[in-house]
Amino acid sequence: MIELQGLSKTYRGAAAGRPVPALDDVSVRLHAGEVVGIAGPNGAGKSTLLSLLLGFLRPTRGTARVAALPPREYVERHGAAYLAELPALPPRWTVESTLARGAALAGVPAGARRGRIELMLESLGLAEQRSRQVRQLSKGNLQRLGLAQALVGDSDFVVLDEPTHGLDPVWTQRFRDLVRDLRRPGRLLLIASHNLDELERVADRVLILNQGRLDRVVDVGAAAGATAAAAPVTYRLVLAEPHSALAELFPDAVSIEGRLAEWRISGPLAELNRKLASLVARNATIVAFAPERGRLESEFRAALGGGGDG
4 MIELQGLSKT
14 YRGAAAGRPV
24 PALDDVSVRL
34 HAGEVVGIAG
44 PNGAGKSTLL
54 SLLLGFLRPT
64 RGTARVAALP
74 PREYVERHGA
84 AYLAELPALP
94 PRWTVESTLA
104 RGAALAGVPA
114 GARRGRIELM
124 LESLGLAEQR
134 SRQVRQLSKG
144 NLQRLGLAQA
154 LVGDSDFVVL
164 DEPTHGLDPV
174 WTQRFRDLVR
184 DLRRPGRLLL
194 IASHNLDELE
204 RVADRVLILN
214 QGRLDRVVDV
224 GAAAGATAAA
234 APVTYRLVLA
244 EPHSALAELF
254 PDAVSIEGRL
264 AEWRISGPLA
274 ELNRKLASLV
284 ARNATIVAFA
294 PERGRLESEF
304 RAALGGGGDG
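To convert, count from 1 in the sequence shown and add 3; that's my numbering.
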């Protein structure tokens, strides 16, 4: 659905008009039916990339196509669902009137608008807030209203910038369910976020940007399943108490300083499971066993050379 070839954007700097590169030579294909995450530290080029894909900006070099059309032309013909990082809505509008305006602007047929509005009010937990003004909403409710307004048009091209910003843990969990419900064969869903854990839970692939360049594309969904079991990952193993068999089964285990019965162990997951089964068979009690960090976080740190703000 989206094809980028050498996409670059340079801004004119304030100091003597010196050019400031924001995006440099990005080439990638994104397909309808996918949920694609976009991650990177501040200043990596995420917002510039989204602005180019929505047609708000024109590239300095290279091309961007959405369903074979220039982004601006695609949006004008077919529309797009867009949630900005900080939703800015007129403070005196009510929740319901905001969605009514959004549905009209998105081209929802008049006869279908009431149904779409009610669906969004229920899906985003805003039914009891329908008469409240935007200025009266909490941060979390405002974020959910922004999501509802973006989705009321039922577009096939959905762009969400930091969609869980301001959401409490309950609604962060419900957002995952929302993404699942939004999936369909003809829709491409882009999610830009600093929350790597959430991206790993909801996305199929994640684009990692660093200093304006596409550093890598990480498979984190079903596409990663075939190789995940064989990939070496560092895990934290916690036992109820030290056990003599640990050194035999895991000769490379590293004891965690200050912890009596905690170790870091690495290796392919299938092999680790076999060894853990042997450990349990020798009457060791496993309290916890989990990745020290997720695959996406590991890739993110590698892309940034071990640093970055995540």
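Idealized CB from N, CA, C, for every residue including glycine.
Excluding the five sequence neighbours on either side, which residues of its own chain have a C-beta within less than 7 Å of the C-beta of residue 219, listed in chain order? Here residue 219 is taken as the residue at index 216 of the sequence shown, counted from 1. Excluding sequence neighbours, residue 219 sits near 211, 302 and 306.
- Would you report the Cα separation of residue 106 and residue 186, rounded to the nearest angstrom? Here residue 106 refers to the residue found at position 103 when the sequence shown is read from its first residue. Here residue 186 refers to the residue found at position 183 when the sequence shown is read from its first residue. If I take the Cα positions, the gap works out to 20 Å.
Quick one: what does DSSP say residue 136 is sitting in, helix, strand or coil?
Looking up residue 136 in the sequence shown gives position 133. Note: residue 136 maps to strand in three-state DSSP.
Check your understanding: Whose CA, out of 200, 274 and 241, lies closest to the CA of residue 261?
Key -> As a first step, residue 261 must be located in the sequence shown, where it is residue number 258. Closest option to residue 261, Cα to Cα, is 241.
Residue burial classification, residue 288 (beta-carbon count within 10 angstroms, cutoff 16): The residue labelled residue 288 in the question sits at position 285 within the sequence shown. The residue in question, residue 288, is exposed, as its Cβ has fewer than 16 Cβ neighbours within 10 Å.
Subject >> Straight-line Cα distance separating residue 49 from residue 132 >> reply: As a first step, residue 132 must be located in the sequence shown, where it is residue number 129. As a first step, residue 49 must be located in the sequence shown, where it is residue number 46. Distance between the alpha carbons of residue 132 and residue 49 is about 32 Å.
_Taking the alpha carbon of residue 169 as the reference point, which residue from 151, 189, 143 and 65 has its own alpha carbon closest?_
Stepping through the sequence shown from its first residue, residue 169 is reached at position 166. Ranked by how close their Cα comes to the Cα of residue 169, the residues 151, 189, 143 and 65 have 143 in first place.
query = Going by other Cβ atoms of all chains shown within 10 Å of its Cβ, with 16 needed for buried, is residue 171 buried or exposed?
reply = Sequence index remark: in the sequence shown, residue 171 carries index 168 (1-based). The residue is exposed, with fewer than 16 neighbouring Cβ atoms inside 10 Å.
> With 16 other CB atoms within 10 Å as the buried threshold, where does residue 22 fall?
Replying inline: Locating residue 22 in the sequence shown gives position 19, where the first residue counts as 1. Exposed is the call here.
Got a sec, what are the start and stop residues for the beta strand (DSSP E) residue 27 sits in? In the sequence shown, residue 27 corresponds to position 24, counting from 1. It spans 22 to 33 - the beta strand (DSSP E) in which residue 27 sits, taken as one unbroken run.
So, for residue 217: in the same chain, excluding its five sequence neighbours on each side, which residues have a beta-carbon less than 7 Å away from its beta-carbon? Along the sequence shown, read from residue 1 onward, the residue named residue 217 stands at position 214. Only 29, 31 and 210 meet the Cβ criterion.
- Rounded separation between residue 164 and residue 76 - CA only: Counted from its first residue, the sequence shown places residue 164 at position 161. Counted from its first residue, the sequence shown places residue 76 at position 73. The alpha-carbon atoms of residue 164 and residue 76 are separated by roughly 21 Å.
*Starting from the N-terminal side, write out each stretch of the beta strand (DSSP E) that is 3 residues or longer and does not extend beyond the segment 215 to 290.*
216 to 222, 236 to 242 and 265 to 270
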